[in-house]
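Structure first, then comments.
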Amino acid sequence: MSLRLDVKNWFVRTVPLVVIIGVWQLLSGAKIVDPAFLPAPSAVFAAFADLLSGGEITLNLLITLFRSAVGLVLGAVSGAWIGLMMARSEIFRAYVAPIVGGTYSLPKSALIPLFALWFGIGNVTAICAVYLACLLPMIVNTYHGVITTPKVLTWSAEALGTGKRQMLTRIYLRHALPDIFTGLRISLGFSFVLAISAEMIASTSGIGKLMFMYGENGTYDYMFGALACIIVVAFLADRAMVAISAWFLRWHESAARTEAA
Amino acid sequence: MNRPKIEVRRLSKSYVTDRGAVLALRDTDLTIAEGEFVSIVGPSGCGKSTLLYIVGGFLPADGDVLVDGQVVAGPGTDRGVVFQEYALFPWLTVRDNIAYGLEQQGMVAVERTPIVERLIALIGLKGFENRYPRELSGGMKQRVAIARTLACDPAILLLDEPLGALDAQTREIMQDELLRIWLNTRKTVLMVTHDVTEAVYLSNRICVMSARPGQIVEEFTVELDRSKSREDIFLSEAFNKVRNEVWLCVRRQAMAEEPR
């Protein structure tokens, strides 16, 4: 029963991860799958270490990060604005809602080849793909956060002399903040996915391109090594996002629950 | 005669629901003098809160609402509101919630601080200034909501079942606080409540509303010596006489509505 008791222990919780890596190592060692195609974790780790010692990975990682960050910031700002406007203006909603509804479930990666035709190989294509992928979760979440603002809050604010424009920033966006952070966290994940996908399809640089290249060359240990790099970076970015949102939402009911999923 | 502080003339309000239009208020009239504490009681769903929201300027309606002889066109800082659900801004601390209205008026921090500090002392929440609403009990939240409204020094207080969500003990304490605040400030108060005893204890005048469509069907004047203690008032004959009359009147209205 100690397994259940220790569930909060950070060390204990990494056990499943270690088991998976162990099984992977065994499978690879037993040659059930051709080790050329499934390199052992030890080989991946060696490649990972080798990648870290060279400058190539750092440069490509920075390029990928730049593309996801620019797309994420642009998508977040415009998505929050569109979501707010949709919730507050009936006319705006009437025109924009069909577009949002129609594109929401569209896999944005399907548009990458098209973007490549329009914007060429490189930054613009990748940023556009990231932007579009981040835009929709931001719109939908911000809209929800604004539309659920209780009447008594807006009435109180009005009776306390809040002007029309200030209602947007001081009441509606503040109320939507927990949902905006939910949208941001989803968008952060999408931003890496789309940046790397775009790089695999239409780029001469970035982690995606690097992974694609290693795959083409058959150096799968290096491909997994590059993948490991992006996993580490994405994980750290997500943790940072959780920490930032916890600070901004310290007033919210969720702040009472210490642990984020 | 003095001009009334609040005048409601032939006010009607209908809501559109999925099952058609519902008439919430029909040709309601109400006149409140400056410094009066008027309570509206009536069966649930009779439109008493709706009437208060219209006076607050939150809902449009047919008919006129005049405050100081001016037609009400929307919410204003002359009418402070306290809702049953507290309606504090959850993202602001106790201090910032109370300071909110003053900040909106453009008052600088140096001028705000003494007003806010005085109100925090008045509601007995010293030491809780930096707490967020989620960290407060129901009674504390409602104290902050009242202080937030008082900060702007509105001439009129609109109270929408302000103590309805509190437990019986906290409720009594808060009633005494409301009474004290009213006696000290002599603001014009319009309160909606479903608690007849509370209405009699606090108000000068009680208006009983009929079931939907709501209309004020009867008025009771309450004359009590408010300098006496709660015990003395509750045990007095005058108090119980009015309380019983109002209670019977509300009950008749509620029974008239039930199709059973």
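The listed protein sequences derive, respectively, from chains A and B.
The numbering of the first sequence is my numbering, which starts it at 4 and goes up by one.
The numbering of the second sequence is my numbering, which starts it at 167 and goes up by one.
For every residue, glycine included, the Cβ atom is placed at its ideal position computed from N, Cα and C.
To the nearest angstrom, report how far apart A/Thr185 and B/Thr216 are at their CA atoms. One-based indexing of the first sequence puts residue 185 of chain A at position 182. One-based indexing of the second sequence puts residue 216 of chain B at position 50. A/Thr185 and B/Thr216: Cα-Cα distance of roughly 35 angstroms.
So what does B/Lys179 bridge to, in DSSP terms? Here residue 179 of chain B refers to the residue found at position 13 when the second sequence is read from its first residue. In DSSP, B/Lys179 forms a bridge with B/Leu191.
Sheet register partners of B/Cys373 (DSSP bridge): For the purposes of this step, residue 373 of chain B is taken as residue 207 along the second sequence, with counting starting at 1. B/Cys373 pairs with B/Ile206, B/Glu385.
Which chain B residues sit within Cβ distance under 8 angstroms of A/Thr165? Here the question's residue 165 of chain A lines up with position 162 in the first sequence. Here the neighbours are Gln270.
Per DSSP, the bridge partner or partners of B/Gln236: Working through the second sequence from its first residue, we reach residue 236 of chain B at position 70. Looking at the DSSP assignment, B/Gln236 forms a beta bridge with B/Val233.
Cβ neighbours of B/Glu202 in the same chain (closer than 7 angstroms, five flanking residues each side left out): Residue numbering aside, residue 202 of chain B sits at position 36 when the second sequence is read from its first letter. Thr354, Asn370, Arg371.
Check whether the region 349–363 of chain B touches the region 204–223 of chain B, counting contact only when three or more Cβ pairs, one atom from each stretch, lie closer than 8 angstroms. yes
Relative to the C-alpha of A/Leu135, which residue among A/Gly123, A/Gly166, A/Val196, A/Thr151 is closest? Along the first sequence, read from residue 1 onward, the residue named residue 135 of chain A stands at position 132. The residue with the shortest Cα to Cα distance from A/Leu135 is A/Val196.
Tell me whether the beta-carbon of A/Pro153 lies closer than 9 angstroms to the beta-carbon of B/Glu251. Position 150 of the first sequence, counting from 1, holds the residue named residue 153 of chain A. Position 85 of the second sequence, counting from 1, holds the residue named residue 251 of chain B. It is a contact, given that the beta carbons lie within the stated cut-off.
Taking contact to mean at least 3 C-beta pairs separated by less than 8 angstroms, is the region 375–386 of chain B in contact with the region 229–241 of chain B? no
What residue range is occupied by the uninterrupted alpha helix (DSSP H) comprising A/Phe251? Start at 1 with the first residue of the first sequence, and residue 251 of chain A comes out as number 248. Counting along the chain, the alpha helix (DSSP H) containing A/Phe251 begins and ends at 223–251.
In the DSSP assignment, find the unbroken beta strand (DSSP E) run with B/Thr354 in it and report its ends. The residue you call residue 354 of chain B lines up with position 188 of the second sequence. Where B/Thr354 is concerned, the enclosing beta strand (DSSP E) stretches over 354–358.
Nearest CA to the CA of A/Ser159: which residue from B/Arg176, B/Ile347, B/Glu343, B/Gly267? For this step, residue 159 of chain A is matched to residue 156 along the first sequence. Of the listed residues, the one whose Cα sits closest to A/Ser159 is B/Gly267.
Considering only the beta carbon of each residue, do B/Val282 and B/Ile264 sit closer than 9 angstroms? As a working mapping, residue 282 of chain B is identified with position 116 in the second sequence. As a working mapping, residue 264 of chain B is identified with position 98 in the second sequence. Yes, they are a contact pair.
Buried or exposed for A/Ile102, please, with buried defined as at least 16 other CB atoms from any protein chain shown within 10 angstroms of its CB. Looking up residue 102 of chain A in the first sequence gives position 99. When all chains shown are included, A/Ile102 counts as exposed.
DSSP three-state call for B/Phe255: helix, strand or coil? As a position in the second sequence, residue 255 of chain B is number 89, starting the count at 1. Note: B/Phe255 maps to coil in three-state DSSP.
Applying the criterion that 16 or more other CB atoms from any shown protein chain within 10 Å of the CB defines a buried residue, is A/Thr67 buried or exposed? Here residue 67 of chain A is taken as the residue at index 64 of the first sequence, counted from 1. Buried, since its Cβ has 16 or more Cβ neighbours within 10 Å.
Beta-carbon spacing of B/Cys212, B/Gly380 below 9 angstroms: On the second sequence, position 46 is the one that residue 212 of chain B refers to. On the second sequence, position 214 is the one that residue 380 of chain B refers to. It is a contact, given that the beta carbons lie within the stated cut-off.
Which residues of the region 214–229 of chain B have a Cβ closer than 9 angstroms to any Cβ of chain A? Give them in chain order. Tyr219, Gly222, Gly223, Phe224
In chain B, what lies closer than 9 angstroms to A/Glu256 by C-beta? On the first sequence, residue 256 of chain A is found 253 positions in, with the first residue counted as 1. Within chain B, the residues near A/Glu256 are Pro256, Arg300.
Around the Cβ of A/Phe40, are there at least 16 other Cβ atoms within 10 angstroms (buried) or fewer (exposed)? Counting from 1 along the first sequence, the entry for residue 40 of chain A is found at position 37. Under this definition A/Phe40 is an exposed residue.
Does any C-beta atom of chain B lie closer than 9 angstroms to the C-beta of A/Glu262? What you label residue 262 of chain A is simply residue 259 of the first sequence in a count that begins at 1. Residue placement at A/Glu262 is poorly supported in this model, since its pLDDT is 45, which falls under 50; the coordinates still yield a value, given next. Answer no: the Cβ-Cβ gap between A/Glu262 and chain B never drops below 9 angstroms.
Whole-Å CB distance - B/Ala377 paired with B/Ala313, under 8 angstroms assumed: Counting from one through the second sequence, the residue named residue 377 of chain B turns up at place 211. Counting from one through the second sequence, the residue named residue 313 of chain B turns up at place 147. Going by Cβ atoms, the distance from B/Ala377 to B/Ala313 rounds to 35 angstroms, so no, they are not a contact pair.
Chain A partners of B/Val247, CB-CB under 7 angstroms? As a first step, residue 247 of chain B must be located in the second sequence, where it is residue number 81. Result: Trp158, Ser159, Ala162.
For a contact meaning CB atoms closer than 9 angstroms, what does B/Tyr181 contact in chain A? As a working note, residue 181 of chain B is residue 15 in the second sequence. Correct list: empty, because the minimum Cβ distance to chain A is about 14 angstroms.
Between the alpha carbons of B/Leu323 and B/Arg245, how many angstroms are there, rounded? For the purposes of this step, residue 323 of chain B is identified with residue 157 of the second sequence, where counting begins at 1. For the purposes of this step, residue 245 of chain B is identified with residue 79 of the second sequence, where counting begins at 1. Their Cα atoms are separated by approximately 6 angstroms.
What is the DSSP secondary structure of A/Ser257, reduced to helix, strand or coil? Here residue 257 of chain A refers to the residue found at position 254 of the first sequence. Helix.
Buried or exposed (CB count within 10 angstroms, at least 16 for buried), A/Leu62: Against the first sequence, residue 62 of chain A aligns to sequence position 59. Result: exposed.
In the region 42–125 of chain A, which residue ranges form an unbroken alpha helix (DSSP H) of at least 4 residues, counting only runs that do not cross its ends? 44–56, 59–91, 93–107, 115–122
Tell me which residue opens and which closes the beta strand (DSSP E) that B/Arg245 is part of. Start at 1 with the first residue of the second sequence, and residue 245 of chain B comes out as number 79. B/Arg245 -> beta strand (DSSP E) spans 245–249.
Express the C-alpha separation of A/Phe48 and A/Lys111 in angstroms, rounding to a whole number. Counting from 1 along the first sequence, the entry for residue 111 of chain A is found at position 108. Counting from 1 along the first sequence, the entry for residue 48 of chain A is found at position 45. In a straight line, the C-alpha of A/Lys111 is about 32 angstroms away from that of A/Phe48.
Distance check for A/Leu77 and A/Met244, CA to CA, integer angstroms please. For this step, residue 244 of chain A is matched to residue 241 along the first sequence. For this step, residue 77 of chain A is matched to residue 74 along the first sequence. About 17 angstroms.
At what residues does the alpha helix (DSSP H) containing A/Asp182 begin and finish? Counting from one through the first sequence, the residue named residue 182 of chain A turns up at place 179. First-last of the alpha helix (DSSP H) with A/Asp182: 176–204.
Pop quiz: B/Arg175 and B/Asp228 are said to be a contact at Cβ under 8 angstroms. What is the actual Cβ separation, rounded to whole angstroms? Working through the second sequence from its first residue, we reach residue 175 of chain B at position 9. Working through the second sequence from its first residue, we reach residue 228 of chain B at position 62. Not confirmed; about 11 angstroms, so no contact.
The alpha helix (DSSP H) that contains B/Asp319, what's its start and end? By 1-based counting over the second sequence, the position of residue 319 of chain B is 153. Premise fails: B/Asp319 is in no alpha helix (DSSP H) and is neither H nor E.
Can you tell me whether A/Ser112 sits near the ligand ZN, meaning its C-beta is under 8 angstroms from at least one heavy atom of the ligand? The model on display carries no ligand, and the ligand ZN is accordingly not part of it.
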